[in-house]
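Taking it in order: structure first as structure tokens, then the write-up.
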């Protein structure tokens, strides 16, 4: 099956710093999503981005499908950004829409 | 605007007991799925459904059953709970069309003693 690798596995930042999270995937994909899992365990949709660049406030994401990677940028980080960031890819096979998740980046933002 | 609702939020079972995890969505999504998340890992697909009356297996289906009698509901059944099924379970839904992102419930934390 498709492999999804995220880096770095852990990241500690001081409040106000910027960061870049990376997601590499091993094969062509139909969809790619970024999620934030907050300290309460909730999975929050950040971006649906199979290709191109999107921005939402302090967060932006870029996917280069031809080179099989995606980047999540967090600018001016805040303590509420802490949690685990997951990249998940979808390969449509018949009726299945299985998301294959990376193992995540654990982000800690210190005040 | 409920989205995807999972119940219960927490449950403790003894080995061999059965139970049903409930999932309901109010967005008229055709596609629904169940994932489990184990410590330090991403989510893995258990079962999915593309519409009422249609279900199929995902990556880790053993020990779980599902049914889809309505568009809104997609319950997950543990027939005989085992300690290896201790996990956090997430239900997700989306439209089937291309470009539809998946929306997740808040999860059910299940412990099997």
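Residue numbers (our numbering), protein chains in the order written: chain A, 1 to 111; chain B, 1001 to 1113. The beta carbon of each residue, even a glycine, is placed where N, CA and C say it ideally should be.
Inter-residue spacing [alpha-carbon to alpha-carbon] between residue i and residue j
i	j	result
residue 1042(B)	residue 86(A)	7 angstroms
residue 1056(B)	residue 1047(B)	6 angstroms
residue 82(A)	residue 1112(B)	29 angstroms
residue 1026(B)	residue 7(A)	35 angstroms
residue 31(A)	residue 1101(B)	8 angstroms
residue 1018(B)	residue 1044(B)	21 angstroms
residue 29(A)	residue 36(A)	20 angstroms
residue 42(A)	residue 56(A)	19 angstroms
residue 1060(B)	residue 1049(B)	15 angstroms
residue 45(A)	residue 70(A)	15 angstroms
residue 1072(B)	residue 1109(B)	22 angstroms
residue 1085(B)	residue 12(A)	32 angstroms
residue 1104(B)	residue 94(A)	22 angstroms
residue 102(A)	residue 16(A)	26 angstroms
residue 1036(B)	residue 1087(B)	6 angstroms
residue 1020(B)	residue 1075(B)	6 angstroms
residue 76(A)	residue 60(A)	12 angstroms
residue 1016(B)	residue 1062(B)	15 angstroms
Extent of the continuous beta strand (DSSP E) to which residue i belongs
i	result
residue 1029(B)	Premise fails: residue 1029(B) is in no beta strand (DSSP E) and is neither H nor E.
residue 1007(B)	1004 to 1007
residue 10(A)	10 to 14
residue 1056(B)	1054 to 1057
residue 1112(B)	1108 to 1112
residue 54(A)	52 to 56
residue 1016(B)	Premise fails: residue 1016(B) is in no beta strand (DSSP E) and is neither H nor E.
residue 74(A)	69 to 74
Beta-carbon spacing of residue i, residue j below 8 angstroms
i	j	result
residue 1031(B)	residue 68(A)	no
residue 40(A)	residue 72(A)	no
residue 74(A)	residue 38(A)	no
residue 107(A)	residue 14(A)	no
residue 1077(B)	residue 1064(B)	yes
residue 66(A)	residue 53(A)	no
residue 27(A)	residue 49(A)	no
residue 1092(B)	residue 1004(B)	yes
residue 1068(B)	residue 1058(B)	no
residue 105(A)	residue 84(A)	yes
Any chain B beta carbon closer than 8 angstroms to residue i
i	result
residue 45(A)	yes
residue 41(A)	yes
residue 26(A)	no
residue 102(A)	yes
residue 78(A)	no
residue 72(A)	no
Residue-chain proximity (residue i, chain A), Cβ-Cβ < 8 angstroms
i	result
residue 1090(B)	yes
residue 1021(B)	no
residue 1076(B)	no
residue 985(B)	Absent from the structure is residue 985(B), since the part of chain B shown begins at 1001 and ends at 1113.
residue 1042(B)	yes
residue 1106(B)	yes
residue 1045(B)	yes
residue 1063(B)	no
residue 1102(B)	yes
residue 1053(B)	no
residue 1003(B)	no
residue 1069(B)	no
residue 1094(B)	yes
residue 1016(B)	no
Contact the segment 14 to 34 of chain A vs the segment 1005 to 1022 of chain B: 3+ CB pairs below 8 angstroms: Result no; under three Cβ-Cβ pairs closer than 8 angstroms.
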